[in-house]
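As given, the protein sequences belong to chains A and B, one line each in that order. Residue 294 in my numbering is what sits at position 129 of the first sequence, and the numbering runs on without skipping anything. Residue 771 in my numbering is what sits at position 169 of the second sequence, and the numbering runs on without skipping anything. From the three backbone atoms N, C-alpha and C, an ideal C-beta is built for every residue, glycine too. Please read all numbers here as calculations on a predicted model, not as lab measurements. Read the structure below first, then the notes.
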Amino acid sequence: MYLQSNMIYTITANTEGWELFVNSLLPMIMGAIQYTIPLTLISFVLGLLLALLTAMMRISKSKLLHAPAVVYVSAIRGTPLLVQLFIIFYGLPTIGLTIDPFPSAIIAFTLNVGAYASEIIRASILSVPKGQWEAAITIGMSRTTALRRIILPQATRVSVPPLSNSFISLVKDTSLASLILVAELFRKAQEIAARTYDFLLLYVEAALIYWVICFILSLVQTVIEKRLDRYVDK
Amino acid sequence: MFLSIQGLAKSFGANQVLKDIDVNIEKGKVLSIIGPSGSGKTTLLRCLNSLEEPDKGIFTFNDGLSLDFEKKISKQEILKLRQKSGMVFQSYNLFPHKTAFENVTEGPLIVQKRKKAEVKELAEGLLEKVGLKDKMDLYPHQLSGGQQQRVGIARALAMEPELMLFDEPTSALDPELIGEVLTVIKDLARDNWTMVIVTHELQFAAEVSDEVLFMDGGYIVEQGTPEQVLKSPKEERTKQFLQRILNPA
Chain A
166 MYLQSNMIYT ITANTEGWEL FVNSLLPMIM GAIQYTIPLT LISFVLGLLL
216 ALLTAMMRIS KSKLLHAPAV VYVSAIRGTP LLVQLFIIFY GLPTIGLTID
266 PFPSAIIAFT LNVGAYASEI IRASILSVPK GQWEAAITIG MSRTTALRRI
316 ILPQATRVSV PPLSNSFISL VKDTSLASLI LVAELFRKAQ EIAARTYDFL
366 LLYVEAALIY WVICFILSLV QTVIEKRLDR YVDK
Chain B
603 MFLSIQGLAK SFGANQVLKD IDVNIEKGKV LSIIGPSGSG KTTLLRCLNS
653 LEEPDKGIFT FNDGLSLDFE KKISKQEILK LRQKSGMVFQ SYNLFPHKTA
703 FENVTEGPLI VQKRKKAEVK ELAEGLLEKV GLKDKMDLYP HQLSGGQQQR
753 VGIARALAME PELMLFDEPT SALDPELIGE VLTVIKDLAR DNWTMVIVTH
803 ELQFAAEVSD EVLFMDGGYI VEQGTPEQVL KSPKEERTKQ FLQRILNPA
């Protein structure tokens, strides 16, 4: 009780701290709008396309398609994201390939989403009963049409919860881009903290903003799931 | 004659499921296939539209299309073969994310690329034929098993196939729902659809078939009119099978 009232006292009575909180809100939110959110959205969309391609390659019976997909997924899952970011941004210039911070981050995050989501997509495609393929084929569909019209819509429903997880993780993982100089939300917090030494206040503030973004995304997930569930027996 | 098949064989690994089968399918006639489970009857049916690709066998159609499965067969040829038949599955396999109406229109719209208005009329007509016009906007999970299977039949008919294949169409149904599905199939027989039906319903097979084929162990053991095969079978194995089905205890 004492501790709690003491905290409230420090935040409300310490007008200096409160002002800092309010004043740094705008730069952090700008960081989120300019970098965190675009980085998340672009990487996720590109990553999903890559994931779908990878999943199809892994399902394919052709070894030539199967093998590269397996190696790619293994390499990305088996190495830290931060190390991948450093290789792309700090490592590649050594061989004359210099990429700006933002595109470097896009590349690293896309590769990551592609690898993790491909396993989700693969599992969800395989979860659709074989009879659905057969029914589609007997009404004359090619495998591609069957996939697009019959299989993927059913697989989507299965994959929304795990893909939402990936998406929310991605929002938070973008904070790693601060280490390759992308001026996103957390980097803004670091910059302000470096001037004011209010580490606790500013990092908690950054955490709160991430939380709010992720909370809104969970709400969106619920809406999508409800929409996709309309044809499912409950 | 609609289709003549010679020397059809199919193995799954080391297990030879069909051994040198010859079958003729007559235009406008109903052929029923009966036999114990594992006899190869469903595999034979699935070979007819290459859902299982035969290892061997020569298929000759009345329009001149001829496929020899010992040689390499192109995708186009398989597609042509599949276009000739519609299939009704034991477990219906309706598309769960589409309404009854959309299940029926999917093939004509997407595969045959026919006009929307025309397909709407076709689908409504077919759903009326199977007695489900009032249920056409419901999703499969909102329908009973018998209703789902009737949508399955309408979906297959919508492609206007020359041959209808039925794979144990009533085996997954509750007893009280079997009648409504059999009635629809009988109607089709009356309209002179060419049909091949794998079934356990001997009474139904007797009523609807022009020819009955008894299979066991990958061979056709006996074939003839329902009268011959079901009432006075010649082969011992047929007699035993009928005995077991008619007096299960």
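8 Å CB neighbourhood of residue i in its chain, flanking five on each side removed
i: arginine 752 (chain B); result: Val732, Gly733, Leu734, Glu782, Val783 and Val786
i: methionine 603 (chain B); result: Asn626, Ile627, Glu628, Lys629 and Asn664
i: tyrosine 368 (chain A); result: Ala354 and Ala358
i: glutamate 803 (chain B); result: Thr772, Ile780 and Leu784
Whole-number beta carbon distance between residue j and residue i, since they are thought to touch under 8 Å
i: phenylalanine 254 (chain A); j: proline 245 (chain A); result: Contact flag wrong, Cβ pair sits at about 14 Å.
i: serine 668 (chain B); j: leucine 815 (chain B); result: So it is not a contact: roughly 23 Å between Cβ atoms.
i: glutamate 813 (chain B); j: glycine 826 (chain B); result: 7 Å
i: serine 283 (chain A); j: arginine 223 (chain A); result: 7 Å
i: isoleucine 271 (chain A); j: leucine 204 (chain A); result: 7 Å
i: alanine 320 (chain A); j: serine 292 (chain A); result: 7 Å
Interface residues of chain B facing residue i [CB-CB closer than 8 Å]
i: valine 397 (chain A); result: Pro698 and His743
i: arginine 314 (chain A); result: Glu708 and Ile712
Below-8 Å beta-carbon distance, residue i vs any chain B residue
i: proline 327 (chain A); result: no
i: isoleucine 302 (chain A); result: yes
i: threonine 309 (chain A); result: no
i: glutamate 390 (chain A); result: no
i: methionine 193 (chain A); result: no
i: glycine 182 (chain A); result: no
i: proline 266 (chain A); result: no
i: proline 318 (chain A); result: yes
i: tyrosine 174 (chain A); result: Bear in mind that a pLDDT of 48 at tyrosine 174 (chain A), under 50, signals an unreliable position, so the number given afterwards is only what the model happens to contain. No, no contact with chain B.
Neighbourhood of residue i by C-beta, 7 Å cutoff - its chain only, sequence neighbours within 5 removed
i: proline 850 (chain B); result: none
i: isoleucine 755 (chain B); result: Val690, Val732 and Val786
i: alanine 114 (chain A); result: For residue 114 (chain A) there is no data in the structure shown, the boundaries of chain A being 166 and 399.
Simplified DSSP state of residue i, which is helix, strand or coil
i: lysine 852 (chain B); result: Outside the displayed span of chain B (603 to 851) sits residue 852 (chain B), for which this structure offers no information.
i: glutamate 730 (chain B); result: helix
i: serine 606 (chain B); result: strand
i: serine 668 (chain B); result: strand
i: glycine 908 (chain B); result: The first residue shown for chain B is 603 and the last is 851, placing residue 908 (chain B) beyond what the model contains.
i: leucine 291 (chain A); result: helix
i: leucine 617 (chain B); result: The sequence given here places asparagine at residue 617 (chain B); leucine does not occur at that position. Asparagine 617 (chain B): strand per DSSP, three-state reduction.
i: isoleucine 315 (chain A); result: helix
i: valine 625 (chain B); result: strand
i: methionine 817 (chain B); result: strand
i: isoleucine 264 (chain A); result: coil
i: phenylalanine 697 (chain B); result: coil
i: valine 397 (chain A); result: coil
i: aspartate 739 (chain B); result: coil
Residue i at chain A interface by Cβ criterion, 8 Å
i: glutamate 764 (chain B); result: no
i: asparagine 794 (chain B); result: no
i: glutamine 685 (chain B); result: yes
i: arginine 839 (chain B); result: no
i: asparagine 849 (chain B); result: no
i: arginine 757 (chain B); result: yes
i: asparagine 626 (chain B); result: no
i: asparagine 695 (chain B); result: yes
Partner residues on chain A for residue i, Cβ-Cβ distance less than 9 Å
i: leucine 653 (chain B); result: Glu299, Ile302 and Thr303
i: glycine 688 (chain B); result: Thr303 and Ile304
Contact list for residue i against chain A, beta-carbon separation under 7 Å
i: methionine 761 (chain B); result: Ile304 and Gly305
Under 8 Å from the C-beta of residue i: neighbouring residues of chain A
i: phenylalanine 691 (chain B); result: Gly296, Glu299 and Ala300
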